[in-house]
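Following our numbering from start to finish, the sequence shown increments by one per residue and tops out at 588.
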Amino acid sequence: MKTKPKVVALLEIAVVLCLLFLVALPVVAAEDDYVLGVYGNANEDDTIDMRDLTYVKLIFFGEMQETELADAKYDGEINPLDFVQIKLVIVGKENELTLVDSADRMVTVKKPLDRLIVLLSPILEPMRSLKLESDKIVGVGTYIKEDNIYFPEFSECQGLGSVSSPDYEAILELHPDTVWIYARVGSSSSYEKIQNTLNEADPTITVLRIDGYRPSNHVDEIQKMGYILGKRNEADEFLDFYTGVMNTVKERVEELSEEDKPTVYFEWNPYKTCGEGAGYHEKIALAGGTNIFSDLSGYPTVDPEEVIKRNPDIIVIVARGNSGYESDDITELTRLRDEIMSRPELAEVTAVKQGRVYVISNDLYGGAQHFMGIGYLAKWFHPDLFEDLDPKAIHQEYLTEFQGLDYKLEEHGTFVYPEPSG
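Following this line, the structure appears as C-alpha cells:
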C-alpha cells in the first residue's frame with residue numbers, strides 16, 4: 167500500500183516532464199521567428215494551438231513562468247478561463263479576441279465581425295486575398311468606391327471620404343463593428359484623431375490600425391487578419407504564395423556583399439525621395455539595393471547637388487497617376503523616364519550615363535502588392551541573379567487566384583518601364 171503514492175508521484179513527475187518537453191520544443195524552433203501578437207499565444211511562437219493550452223496550464227500550476235501573451239482572456243490573471251479561451255480560439259469559436267495591432271495597441275475585438283468599414287485599399291486588398299465575403303464590408307474610402315477597375319464589387323458601397331477627411335457622420339450612421347485605418351503612414355496623429363473621434367462618439371466601434379504595405383510586418387498583419395476575420399486557412403494559403411516570392415529574393419540577396427549592391431536614388435516627385443523608416447526605403451534594401459539617402463528619414467526633399475555628389479548606379483521613379491491598372495498607355499512612364507534622362511544637372515550621374523533609369527507604378531510598389539514591385543526591382547538591380555524570376559507571371563497569378571479579378575496583363579495596364587530583360 168505504501169508503494170502506490172510513490173507510483174502516482176512518479177507518474178505525475180513523468181507527465182510534467184513530458185509536458186515541459188512538449189511545450190519547450192516550439193519555443194526553441196521559433197526562437198528566430200516572429201511572435202504572433204494574439205493573446206492566448208502562451209508559448210509565444212507563430213500560432214495558437216494545443217501547445218499553448220498545455221503551456222498556460224503549466225503556468226497556472228506553477229511549472230512555467232508567465233508569458234506576456236498567456237492571459238488569453240486579457241483579464242489580468244491566469245486561470246481556467248484562459249484554458250477555455252485558448253480552446254475556443256483553436257477551433258475558431260471565440261466570442262472575442264485580444265491582440266496587438268500595428269500601432270502597438272492592445273485591442274479586443276468582439277466576434278464575429280459582420281459590419282466592417284475599410285478606408286484604405288492596402289487594407290482591403292489583403293482582406294480580398296483572404297476571401298472575405300464582400301457583403302461584410304458596409305463602407306469604404308472614396309478612392310476605393312471610385313476605383314471601378316480594381317474594386318468593382320465596391321462601386322455601390324457607401325463612400326466615406328478619405329483618411330485625411332473622413333465622413334464621421336456617415337460612418338456612425340452605418341453602425342460598424344470595426345473601422346480599419348492605417349497605423350503609421352506619415353504622421354500617426356491623424357489616425358489617432360480618427361480613432362479617438364470614433365471611440366468618443368460610439369465606444370462600441372473597434373478601430374483597428376493596420377498598415378498593409380510594409381514588408382517588415384506584412385506577414386504578421388495577414389496572420390492577425392486571419393484570426394480576426396475567421397480566415398486562418400486562407401491566410402496560410404496566401405502567405406505560402408507571398409513568402410515564396412519574398413524568400414526567393416531574400417535568400418539570393420543575403421549572399422551579396424555590400425559592394426555587389428548597386429546604389430539607388432529613389433524619386434516620387436522631383437527630388438522628393440525616401441529615407442530610413444519609409445516603406446519605399448525598406449523595399450530598395452529587400453531587392454538588393456543601397457539607398458543613397460539612407461542617412462535621412464521619412465520622405466525628405468533633397469538638393470540636386472547632393473544626388474550628383476552621391477552618384478547613384480540606378481534611379482527608380484515611382485509613377486503615381488496615369489499608370490498601373492487605370493491606363494493601358496505607356497506614355498506617362500516613358501515621360502517620367504525621359505524627364506530624368508534629360509535633366510542637365512544629372513547628365514554625368516552614372517545611372518543616367520548607363521541608362522539604368524527605371525519607372526514603376528505605385529500600384530505595384532506602394533501598397534499590398536509591394537512583393538511584386540520588389541521582384542521587378544530585384545531584376546533591375548541584379549539581372550543575372552534573378553534571370554529566372556518572372557514578376558509578371560507572379561502578378562497575374564495574384565490577380566486571378568487571390569484578387570478574383572478577370573484582368574489580363576497581356577492586354578491591360580502599364581506597370582514598369584522599361585521591362586526587365588530575361
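A virtual CB, placed ideally from N, CA and C, is assigned to each residue, including glycine.
Secondary structure of MET230, DSSP reduced to three states: The answer is coil: DSSP assigns MET230 none of H, G, I, E or B.
Is the beta carbon of GLU244 sitting closer than 7 angstroms to the one on PHE227? Inspection of the sequence shows that residue 244 is occupied by Ile rather than by Glu. No, the pair does not count as a contact, with Cβ atoms beyond the cut-off.
Once the 5 residues before and after LYS475 are set aside, which same chain residues still bring their CB inside 6 angstroms of it? Result list for LYS475: empty, nothing under 6 angstroms.
Please give me, in chain order, every unbroken run of the beta strand (DSSP E) with length at least 3 that falls completely inside the segment 320-384. Segments of the beta strand (DSSP E) lying fully in the segment 320-384: 344-347, 372-375.
N- and C-terminal bounds of the alpha helix (DSSP H) containing SER300: Unbroken run through SER300: none, as it is neither H nor E.
Could you pull out every unbroken alpha helix (DSSP H) segment of at least 4 residues lying fully inside the segment 238-313, listed in chain order? Listed in chain order, the complete alpha helix (DSSP H) runs (minimum 4 residues) inside the segment 238-313 are 246-257, 287-295, 308-312.
Do you know offhand how far THR370's Cα is from ASP343's? For THR370 and ASP343, the distance between alpha carbons rounds to 7 angstroms.
Give the range of the beta strand (DSSP E) segment to which TYR465 is assigned. Where TYR465 is concerned, there is no enclosing beta strand (DSSP E), because DSSP gives it neither an H nor an E.
Apart from the five residues on each side of it in sequence, which residues of its chain come closer than 8 angstroms, Cβ to Cβ, to GLY487? Within the same chain, GLU498 come within 8 angstroms of GLY487 by CB-CB distance, once the 5 residues on both sides are set aside.
Can you tell which of ILE347, PRO278, TYR379, ARG271 has its C-alpha closest to the C-alpha of GLY307? For GLY307, the closest C-alpha among the options ILE347, PRO278, TYR379, ARG271 is that of ILE347.
For ASP247, which residues from the same chain have a beta carbon less than 6 angstroms from its beta carbon, with the 5 sequence-adjacent residues on both sides left out? It should be pointed out that residue 247 corresponds to Leu in this sequence rather than to Asp. Scanning its chain for C-beta atoms nearer than 6 angstroms, with the 5 sequence neighbours on each side dropped, one finds around LEU247 the residues LYS239, in chain order.
Which residue from ASP550, LYS276, LEU254, THR264 puts its Cα closest to that of LYS427? The shortest C-alpha separation from LYS427 is found at ASP550.
Rounded to the nearest angstrom, how far is the Cβ of LEU279 from that of LYS302, given a contact under 8 angstroms? Confirmed, about 7 angstroms.
Per-residue DSSP class, three states only, for ASN399: ASN399 falls in the helix class under three-state DSSP.
Nonlocal neighbours in the same chain, by C-beta distance under 6 angstroms from THR516, ignoring five residues either side: So the qualifying residues of the chain are ASN477, ASP479.
Supposed contact pair PHE547 and VAL411 - C-beta distance, whole angstroms, cut 8 angstroms: VAL411 to PHE547, Cβ: 16 angstroms. No contact.
Based on DSSP bridge pairs, tell me the residues matched to THR220. For THR220, which the question treats as bridged, DSSP gives no partner whatsoever.
Counting along the chain, where does the beta strand (DSSP E) carrying ILE480 start and finish? Segment 480-485, the beta strand (DSSP E) holding ILE480.
When burial is assigned at 16 or more other CB atoms within 10 Å of the CB, is GLY464 buried or exposed? Exposed, by the Cβ-count rule.
Excluding the 5 residues flanking ASP607 on each side, which residues of the same chain have their C-beta closer than 7 angstroms to its C-beta? Nothing can be reported for residue 607: it is not among the residues displayed for the chain, which extend from 167 to 588.
What residue does the beta strand (DSSP E) around PHE547 start on, and which one ends it? From DSSP, PHE547 is part of no beta strand (DSSP E) but of the alpha helix (DSSP H) over 536-547.
Using the C-alpha atoms, what's the distance from GLY570 back to PHE317? Rounded to whole angstroms, the separation of the alpha carbons of GLY570 and PHE317 is 10 angstroms.
Can you give me the C-alpha to C-alpha distance between GLU585 and THR233, rounded to a whole angstrom? Here the alpha carbons of THR233 and GLU585 stand approximately 50 angstroms from one another.
So, are the CB atoms of VAL482 and PHE432 less than 7 angstroms apart? Yes, the pair counts as a contact, with Cβ atoms nearer than the cut-off.
Quick one: Cα of LEU235 to Cα of ASP469, how far? Roughly 47 angstroms separates the two Cα atoms.
Rounded separation between ASP556 and SER493 - CA only: So the two alpha carbons sit approximately 22 angstroms from each other.
Report all residues from its chain with a CB closer than 7 angstroms to the CB of THR500; omit the five preceding and five following residues, and keep chain order. Excluding positions up to five away in sequence, the list reads TYR583.
Beta-carbon contacts of LEU188 that lie in its chain and below 8 angstroms, excluding the five residues immediately before and after: Model confidence at LEU188 stands at a pLDDT of 49, short of 50, so the residue's coordinates are unreliable and nothing is read from them.
Nearest-angstrom Cβ-Cβ length linking ILE540 and VAL415, presumed shorter than 8 angstroms: With 8 angstroms as the limit, ILE540 and VAL415 qualify as a contact, their Cβ atoms being about 6 angstroms apart.
Tell me whether TYR491 sits in a helix, a strand or coil according to DSSP, three-state version. Three-state DSSP puts TYR491 in coil, outside helix and strand.
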